[in-house]
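Positions 2 to 154 (our numbering) are the ones given, in order, by the sequence shown.
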Amino acid sequence: MSPIIKDSEPPVSKARIQEVEKLIGSELPEPYKRFLLKHNGGTPTPCEFLFRSKDKPPRPAILSWFLAIHDGPYENFLEHFKDFQGRIPGDTVAIARDPGGDLILLGLRGPLRGKIFFWTKKLEPLDGSPTPPELLHEVADDFDSFMNSLFDT
Numbered sequence: 002m003s004p005i006i007k008d009s010e011p012p013v014s015k016a017r018i019q020e021v022e023k024l025i026g027s028e029l030p031e032p033y034k035r036f037l038l039k040h041n042g043g044t045p046t047p048c049e050f051l052f053r054s055k056d057k058p059p060r061p062a063i064l065s066w067f068l069a070i071h072d073g074p075y076e077n078f079l080e081h082f083k084d085f086q087g088r089i090p091g092d093t094v095a096i097a098r099d100p101g102g103d104l105i106l107l108g109l110r111g112p113l114r115g116k117i118f119f120w121t122k123k124l125e126p127l128d129g130s131p132t133p134p135e136l137l138h139e140v141a142d143d144f145d146s147f148m149n150s151l152f153d154t
C-alpha cells in the first residue's frame with residue numbers, strides 16, 4: 002500500500018526537475034521523478050522503514066520529511082545537496098530525513114543507481130572525507146519498493 006503524503010510543497014514542473022538534474026550532474030531515477038511531480042516533498046503515513054547493516058538484523062527508523070524542490074528554507078532538496086556534498090557518497094543524493102537529521106539517500110549512478118540507503122551522521126569519517134558507499138545502510142532496491150515498505154508499529 003502506498004503511503005499518504007501530507008504537507009507537500011506546491012507542484013514542481015518537469016522543466017524544474019530538469020534544471021535540478023543539471024545542477025546535481027545526474028538524471029534522477031523515474032520513480033522518484035514521478036513522486037516529485039505528484040507530491041514534491043511532504044510527510045508520509047505510515048513513516049517507518051527497516052534498514053540493514055552488515056551482520057545485524059534489520060532495524061526500524063522513521064522518515065520525517067521528504068525533501069522538496071522549492072525556494073523555501075526548510076526540507077529543500079538543493080540546500081541538502083549543497084550541505085551534504087562531500088559528506089555522503091558522490092553517487093547519491095539526499096531525498097528525505099529522519100527526526101534527528103540522518104538522511105535517506107537515493108543512488109544516482111553506477112551500481113547504486115535507483116537504490117535507497119540510510120545514512121547516519123555517526124557513519125561520517127573523522128577525516129572529513131565522504132562516507133564510503135559500503136558503509137551505507139541498505140533500505141530498498143528501488144524507490145517504489147521503499148514507498149511500499151513503509152509501515153507503522
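Glycine is no exception: its CB is placed at the ideal position from the N, C-alpha and C atoms.
Whose CA, out of 88, 64, 82, 42, lies closest to the CA of residue 13? For the purposes of this step, residue 13 is taken as residue 12 along the sequence shown, with counting starting at 1. It is 42.
Report buried or exposed for residue 109, applying the criterion of at least 16 other Cβ atoms within 10 angstroms of its Cβ. For the purposes of this step, residue 109 is taken as the residue at position 108 of the sequence shown. Buried is the call here.
Determine the DSSP secondary structure at residue 81, reduced to helix, strand or coil. Position 80 of the sequence shown holds residue 81. Looking at residue 81 - three-state DSSP - the assignment turns out to be helix.
With distances taken Cα to Cα, identify the nearest neighbour of residue 32 among 152, 147, 154, 153. One-based indexing of the sequence shown puts residue 32 at position 31. Out of 152, 147, 154, 153, 147 has the C-alpha closest to the C-alpha of residue 32.
So which of 145, 38, 130, 118 has the shortest CA-CA distance to residue 11? Locating residue 11 in the sequence shown gives position 10, counting from the first residue. Among 145, 38, 130, 118, the Cα nearest to that of residue 11 is on 38.
Residue 120 beta carbon less than 9 Å from that of residue 89: In the sequence shown, the residue the question calls residue 89 occupies position 88. In the sequence shown, the residue the question calls residue 120 occupies position 119. In contact: residue 89 and residue 120 (Cβ atoms closer than 9 Å).
Taking buried to mean at least 16 other C-beta atoms within 10 Å of its own C-beta, is residue 123 buried or exposed? One-based indexing of the sequence shown puts residue 123 at position 122. By the Cβ-count criterion, residue 123 is exposed, with fewer than 16 other Cβ atoms from all chains shown falling within 10 Å of its own Cβ.
For the beta strand (DSSP E) that residue 13 lies in, which residues bound it at each end? For the purposes of this step, residue 13 is identified with residue 12 of the sequence shown, where counting begins at 1. Counting along the chain, residue 13 falls outside any beta strand (DSSP E), and DSSP gives it neither H nor E.
Please determine, among 140, 154, 79, the residue with the shortest C-alpha to C-alpha distance to residue 59. In the sequence shown, the residue the question calls residue 59 occupies position 58. Selected option, being the one with the closest Cα: 140.
Using DSSP's beta-bridge definition, name the partner residues of residue 138. The residue you call residue 138 lines up with position 137 of the sequence shown. Residue 138 pairs with 119.
In DSSP terms, what residue 108 is bridged to: Reading the sequence shown from its first residue, position 107 is the one you call residue 108. Answer by DSSP bridge pairing, in chain order: 93.
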